[in-house]
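The numbering used here puts the first residue of the sequence shown at -15, with every later residue one more than the last.
The structure appears right after this line, and notes come after that.
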Amino acid sequence: MSDLPRKAVTRTAKLATLPLSFAGRATWSLGKRIGGRSAELVGSELQQRTAEQLFSVLGELKGGAMKLGQALSVFESALPESMAGPYRAALTKLQEAAPPMPTASVRAALAERLGEDWRELFLEFDERPAAAASIGQVHRAVWHDGREVAVKIQYPGAGEALLSDLTQLGRLARLFGPLIPGMDLKPLIEELRERVAEELDYGLEAEAQRVYAEEFLDDPGVLVPGVVCQREQVLVTEWLSGIPLSRVIAEGTPEERDRAGQLLARFLFSGTARTGLLHADAHPGNFRLVPGPAGEPVSAWRLGVMDFGTVNRLPGGLPPVIGEALRMSLDGQAGEVYARLVAEGFVKPSIELDPQAVLDYLLPIIEPARVAEFAFSRKWLREQAARIADPRSAAHQLGRRLNLPPSYLLIHRVTLSTIGVLCQLGATVRMRDELAAGLPGFEPPEERPVEKQSSE
């Protein structure tokens, strides 16, 4: 099949065009500036051209390249506004679509995986993909019992493509520095690579989705489609209608943004406590805001959740030490917080840090938990990113001396991703309520101030 460039040499060659293209654009930029054009104007054009070419390659290759693009997309809010514009449109494209497989390849894949009589399983099957993502694409259909379903088909050669892409992208990680200033992408790429096997196993995905669907059956805030059928490299689930979160981000009303943000935070914390699973792919393409019957207020709408291919299994929910350290931080207990961080491996035994300095480093990050309501914004996230990324700052120096234990890597990434989406939404969220309900060890004191705080 020719729908997915599978040979490592082909995919590596495509990715290798990136540094050459970046170098060429840098030369173009210098020439324009020598010609008298302002650095700001030339820089903006350079960023736009870089974004278009970078994400065109990532989207075409799908696989690990597409997966990295989706992971990066949630951090777009952390970019300085002068840089964010050129990247925003290109990043958003990665959240919802990618070049699809040809129809002939779709038919051949279904015949191989469901049998030559696969059409008899459906009353209707739309051969045009409804969505295309990193390792598979989705088709809308009607199951033989009349249910509307989503049929997810894994791209042939997806496993080989994922490993090839992520190996090559690891070598090119430094090229992505301008996208997320101050962020080291190598650990992110390595962590994505380690989870390739889970992502490719639709049996594991179906198992996780069944757990979520059963737990959230008839839930007033979260909707998880049921699993209808699962075969090797094919997963059939109930169809999920609704407004894509990317559209809510782009054009949603304040009420829709707040509702989506509140439910996303609830799903992250309470969902993990209820299921013992952490949904680890928190980018906007995996969520829908689902309206109820006509006339129902936005405050009653639900959050639809899809794609359970990457989950972290946490039978006891999130580690209680996270909630305990958060509560102690809010109470100003620098020594106690520091002791917990040392015990959990966030501070290596060979390093000594000032507990109060560590607390000062953490407090701005956990600001959303200090008040009854917090208004997330791109401005607030940019301030946090700049504070930590500036190599001249004390926060940057201290952050470099902290350690992230492997067992917390995925939790950390999901939390950052969720905060990134909340800032893209610009949602006002009762974060403290969600932490109290779903984060073991977090019990905010009653005397905590109850006013709403804005991050603007």
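Every residue, glycine too, gets a C-beta built ideally from N, C-alpha and C.
In three-state terms, what does DSSP make of residue i?
i    : result
Q193 : helix
I227 : strand
P389 : coil
P348 : coil
Q121 : strand
R384 : helix
I137 : strand
P113 : strand
L298 : coil
T87  : helix
A234 : helix
R272 : strand
R376 : coil
V220 : strand
L207 : strand
L337 : coil
H263 : strand
A257 : helix
A359 : strand
G316 : coil
E132 : strand
Y186 : helix
E427 : coil
Taking 8 Å as the cut-off, decide whether the C-beta atoms of residue i and residue j are in contact.
i    : j    : result
F360 : V326 : no
E222 : V212 : yes
M312 : P352 : no
E257 : G422 : One point to set straight first is that residue 257 is Ala, not Glu, in the sequence displayed. Yes, the Cβ-Cβ distance between A257 and G422 is below 8 Å.
L287 : V195 : no
A318 : L343 : yes
A441 : G187 : The requested residue 441 is not part of the displayed model; the chain covers only -15 to 440.
V305 : E328 : yes
E182 : G293 : yes
V208 : V289 : yes
R371 : S377 : yes
W102 : A92  : no
V295 : A411 : no
V232 : L105 : no
A278 : V398 : no
What separation, rounded to the nearest whole angstrom, lies between the Cα atoms of residue i and residue j?
i      : j    : result
E427   : V220 : 41 Å
K332   : F251 : 32 Å
A234   : L107 : 35 Å
R21    : E367 : Unreliable placement is indicated for R21, whose pLDDT of 40 sits below 50; the coordinate value is still reported in the next sentence. One C-alpha to the other measures close to 30 Å.
A420   : E111 : 46 Å
G307   : M85  : 45 Å
A264   : R241 : 21 Å
P140   : L388 : 35 Å
L147   : V180 : 7 Å
E239   : S283 : 8 Å
A114   : V90  : 13 Å
F330   : P281 : 44 Å
L(-12) : A134 : The predicted position of L(-12) is uncertain, since its pLDDT is 49 and thus under 50; a value taken from the coordinates is nonetheless stated next. The straight-line gap from Cα to Cα measures roughly 21 Å.
T136   : P375 : Per the sequence presented here, residue 136 reads as Lys, with Thr not at that position. Roughly 44 Å separates the two Cα atoms.
P204   : E357 : 21 Å
V126   : F109 : 6 Å
L224   : L201 : 14 Å
D291   : L365 : 26 Å
G316   : D417 : 20 Å
Y322   : P303 : 17 Å
L184   : L98  : 17 Å
E178   : H396 : 16 Å
E144   : T151 : 11 Å
S334   : R324 : 16 Å
G236   : R124 : 25 Å
E100   : R362 : 51 Å
L298   : P390 : 14 Å
Y392   : G276 : 37 Å
Thinking residue i and residue j are a contact (beta carbons under 8 Å), I'd like their distance in whole angstroms, please.
i    : j    : result
Q138 : Q214 : Their Cβ separation, rounded to whole angstroms, is 12 Å, which puts Q138 and Q214 out of contact at 8 Å.
W285 : R354 : Between R354 and W285 the Cβ distance is about 28 Å, and since that is not below 8 Å, they are no contact.
I119 : A142 : 4 Å
Y345 : L382 : 5 Å
G245 : L406 : 5 Å
I349 : L310 : About 10 Å; that fails the 8 Å criterion.
E199 : T259 : 5 Å
H380 : A369 : Rounded, the Cβ-Cβ distance is 11 Å, inconsistent with contact.
Between the region 224 to 232 and the region 256 to 276, do three or more beta carbon pairs fall short of 8 Å? yes
Determine, using beta-carbon pairs with one atom in the region 393 to 408 and one in the region 333 to 342, whether at least three such pairs fall under 8 Å. no
For the structure I just gave you, are there three or more beta carbon pairs, one from the region 129 to 140 and one from the region 243 to 262, closer than 8 Å? no
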